[in-house]
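Participant: Numbering (my numbering), first residue to last: 32 to 615. A single structure is presented below for examination.
Structure follows, in structure tokens:
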């Protein structure tokens with residue numbers, strides 16, 4: 032084989048693609064296996080499996096890929112001329128050729144992403160993903176919905192009239208009912224709307240965006256706007272890099288309006304039962320005026336966040352305390368606590384932000400640490416993990432595909448490399464925290480904060496100034512294990528003496544989606560659906576997120592803005608396929 036064909040990324044990728052098409056035509060797993068490294072990974076997102084699944088190891092990968100390619104009619108694999116051209120980049124500690132692919136199946140138009148170690152001539156990772164169902168593409172459906180330029184019915188209903196009628200649901204039920212109107216629910220509804228699938232969001236809040244608007248006073252996003260755009264409509268270039276909560280809230284409200292998303296505020300979802308014969312739900316709602324409504328959607332998407340219900344732990348002797356006790360979700364701002372002693376239980380993001388707000392307002396703050404916590408400076412360290420979204424380079428759609436293409440094993444390797452670098456960058460701060468008695472950790476096998484988020488939904492803090500306050504002693508720190516008991520005016524320490532407090536803030540996190548499913552659907556459906564979030568070792572994917580669950584018609588979305596933007600597309604495509612009768 033002429034080594035000259037591998038001298039450029041374009042030639043190396045093109046040769047692999049040509050060989051892959053030939054191997055697929057043979058229909059033999061051995062021919063396909065010869066094109067992959069021994070430790071290779073194939074991640075499929077609907078293209079061949081109708082789900083999200085990662086398969087690792089050359090022989091297993093090749094057998095599954097060959098069989099499914101034949102079943103789905105995978106064909107016409109090519110370098111995609113509309114995307115970023117093949118290039119050499121560094122991924123997970125290795126120099127690789129990275130190339131965007133296009134291909135077809137009997138279902139529709141697909142995309143892929145290939146990685147080969149430079150000079151290796153074999154695939155290290157391969158992504159295959161369904162982009163659109165043939166004949167039901169977003170652009171095709173939009174063209175069909177478009178109204179003619181000329182109309183004589185000026186007296187008829189206009190766009191606003193039609194929107195009000197659509198959102199009222201006076202004579203119909205939605206095909207999809209979305210529970211929760213944060214960014215997860217809104218992105219799912221936006222995607223479904225563009226596919227022509229009738230979707231309604233219901234939320235208990237009084238106003239769209241209140242799930243951000245009503246949170247603590249100083250809250251901002253802790254990663255930059257570049258990774259947080261919503262689908263179809265990115266943030267304006269005029270937005271600050273770290274978007275404040277009220278601006279997020281206003282943007283979500285604006286987005287719902289211009290994207291024509293049906294949204295009922297002040298509406299409580301009271302639960303639902305699955306009708307096996309009719310293949311739909313009987314869902315119960317309590318409306319803003321106190322009346323009730325029963326709906327029969329075919330699908331329910333739980334978008335109540337991966338950590339939605341406040342978790343109030345059973346803290347022994349807390350009942351002795353006679354001051355004010357608040358969960359962090361109910362904390363507003365610290366102005367009323369000036370010159371008064373307060374305690375913040377917890378050392379995650381909310382705990383640090385609230386402690387910093389209180390200290391800045393003149394309160395006497397003590398932070399209580401219950402378990403080791405990962406701390407990383409917000410710049411540059413925390414942003415390094417989102418590096419694919421920063422700086423010049425590929426389009427946002429291409430960057431989203433790059434993010435989608437990273438299998439769990441590579442993610443761990445990449446994040447460990449970044450975390451090792453971050454520990455050096457942040458060493459002065461980390462040393463100061465440890466000197467103050469703060470217990471640190473660096474994630475599973477030193478992989479940093481992203482995997483902590485994906486496994487437990489927290490346990491880390493992006494430092495925006497609170498860590499210096501702790502290291503300098505302006506915020507006191509004690510360990511929970513050193514507390515003997517609560518007293519009417521604070522806590523008594525095991526070493527003797529008492530720490531005063533008039534306010535205790537429980538920054539103790541939130542219950543997960545499993546809790547909400549049991550509460551709203553009952554134990555049987557919760558067991559059928561299965562656990563939510565954290566990784567499934569068999570598929571190497573987040574459990575039951577953005578994919579069909581064991582309970583027909585029950586779906587989950589949540590996570591960071593970037594996760595919701597990327598995966599809402601594939602959630603919507605799965606529901607579209609079921610609405611078209613393509614998947615049972």
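Cβ coordinates follow ideal geometry from the N, Cα and C atoms, glycine included.
Cα separation between residue 47 and residue 145?
Facilitator: C-alpha separation (whole angstroms): 9 Å.
Participant: If you count every other CB in all the chains shown that lies within 10 Å of the CB of residue 496, and 16 or more means buried, which is it?
Facilitator: Residue 496 should be labelled exposed.
Participant: Can you tell me whether residue 556 is buried or exposed? The criterion is at least 16 other CB atoms within 10 Å of its CB, across all chains shown.
Facilitator: So residue 556 counts as buried.
Participant: On the three-state DSSP scale, how would you describe residue 81?
Facilitator: Coil at residue 81, not helix or strand.
Participant: Taking Cβ positions, are residue 617 and residue 561 nearer each other than 8 Å?
Facilitator: Lying before the first or after the last residue shown, residue 617 is absent from the chain, which here runs from 32 to 615.
Participant: So, with DSSP's three-state summary, where would you put residue 189?
Facilitator: In this structure, residue 189 counts as coil in the three-state DSSP scheme.
Participant: Indicate the three-state DSSP secondary structure (helix, strand or coil) for residue 236 in the structure shown.
Facilitator: Residue 236 falls in the coil class under three-state DSSP.
Participant: Of the residues 151, 61, 99, 162, which one's Cα is nearest the Cα of residue 428?
Facilitator: Cα-wise, what sits closest to residue 428 is 162.
Participant: Would you say residue 429 touches the ligand ZN, meaning its beta carbon is less than 7 Å from a heavy atom?
Facilitator: This structure lacks the ligand ZN; in fact it carries no ligand of any kind.
Participant: Looking only at C-alpha atoms, which of 514, 239, 519, 509 sits nearest to residue 356?
Facilitator: Looking at the Cα atoms, 519 is the closest of the given residues.
Participant: Just curious, the alpha helix (DSSP H) that residue 224 is in, first and last residue?
Facilitator: 214-225 is the span of the alpha helix (DSSP H), which, as asked, contains residue 224.
Participant: According to the neighbour-count rule (16 or more other Cβ atoms, all chains shown, within 10 Å of its Cβ), is residue 464 buried or exposed?
Facilitator: It is buried - the Cβ of residue 464 has at least 16 other Cβ atoms within 10 Å.
Participant: Which full runs of the beta strand (DSSP E) of 3+ residues lie inside the segment 121-149, going along the chain?
Facilitator: Whole beta strand (DSSP E) segments, 3+ residues: 125-135, 139-148.
Participant: Among the candidates 536, 178, 176, 419, whose CA atom is the shortest distance from the CA of residue 388?
Facilitator: Cα-wise, what sits closest to residue 388 is 536.
Participant: Less than 8 Å between the C-beta atoms of residue 478 and residue 443, yes or no?
Facilitator: Yes.
Participant: Got a sec? Which residues, its chain only, sit under 6 Å from residue 260 by beta carbon, not counting five neighbours each side?
Facilitator: Cβ neighbours of residue 260 beyond the five flanking positions: 266.
Participant: If you drop the 5 nearest sequence neighbours on each side, which residues of the same chain put their C-beta closer than 7 Å to that of residue 299?
Facilitator: If we look at residue 299 and ignore the five residues flanking it on each side, its Cβ neighbours are 235, 316, 317.
Participant: From what residue to what residue does the beta strand (DSSP E) around residue 542 run?
Facilitator: First-last of the beta strand (DSSP E) with residue 542: 541-543.
Participant: CA-CA distance, residue 32 and residue 100?
Facilitator: A caution first: residue 32 carries a pLDDT of 43, below 50, which makes its placement in the model unreliable, though a value can still be read off. Answer to the nearest angstrom: the Cα atoms are 26 Å apart.
Participant: Taking Cβ to Cβ, would you say residue 285 is nearer than 8 Å to residue 154?
Facilitator: The answer is no: Cβ separation not under 8 Å.
Participant: Within 10 angstroms of its Cβ, does residue 310 collect 16 or more other Cβ (buried), or is it exposed?
Facilitator: By the 10 Å Cβ count, residue 310 comes out exposed.
Participant: Assign residue 279 to one of three DSSP states: helix, strand, or coil.
Facilitator: In the structure shown, residue 279 sits in a helix (DSSP, three-state: H, G or I).
Participant: Which residue comes first and which comes last in the alpha helix (DSSP H) that contains residue 592?
Facilitator: Taken as a continuous stretch (DSSP letters only), the alpha helix (DSSP H) holding residue 592 covers 592-610.
Participant: Let me confirm a value: residue 400 is counted as buried when at least 16 other C-beta atoms fall within 10 Å, else exposed. Which label applies?
Facilitator: Per the 10 Å Cβ criterion, buried.
Participant: Using a Cβ-Cβ cut-off of 6 Å (strictly less than) and excluding sequence neighbours within five positions of residue 522, which residues of its own chain qualify?
Facilitator: These residues qualify, in order along the chain: 514, 530.
Participant: Grab me the residues of residue 446's own chain with a C-beta within less than 8 Å of its C-beta, minus the 5 sequence neighbours each way, in chain order.
Facilitator: Same-chain partners within the cutoff: 416, 474, 478, 479, 481, 482.
Participant: Shortest alpha-carbon distance to residue 158 belongs to which of 168, 130, 49?
Facilitator: Checking every option, the nearest Cα to that of residue 158 belongs to 130.
Participant: Pick helix, strand or coil for residue 510, following the three-state DSSP scheme.
Facilitator: In the structure shown, residue 510 sits in a strand (DSSP, three-state: E or B).
Participant: From what residue to what residue does the beta strand (DSSP E) around residue 385 run?
Facilitator: That residue, residue 385, is in no beta strand (DSSP E); its alpha helix (DSSP H) goes 380-391.
Participant: Quick test of the definition: if touching needs 3 or more C-beta pairs under 8 Å, does the segment 202-210 touch the segment 171-178?
Facilitator: Not touching, per the Cβ criterion.
Participant: So, residue 565 versus residue 486, is the Cβ gap smaller than 8 Å?
Facilitator: Against a cut-off of 8 Å, the Cβ pair of residue 486 and residue 565 comes out as a contact.
Participant: Do residue 666 and residue 386 have their CB atoms nearer than 8 Å?
Facilitator: There is simply no residue 666 to check, as the chain begins at 32 and stops at 615 in what is shown.
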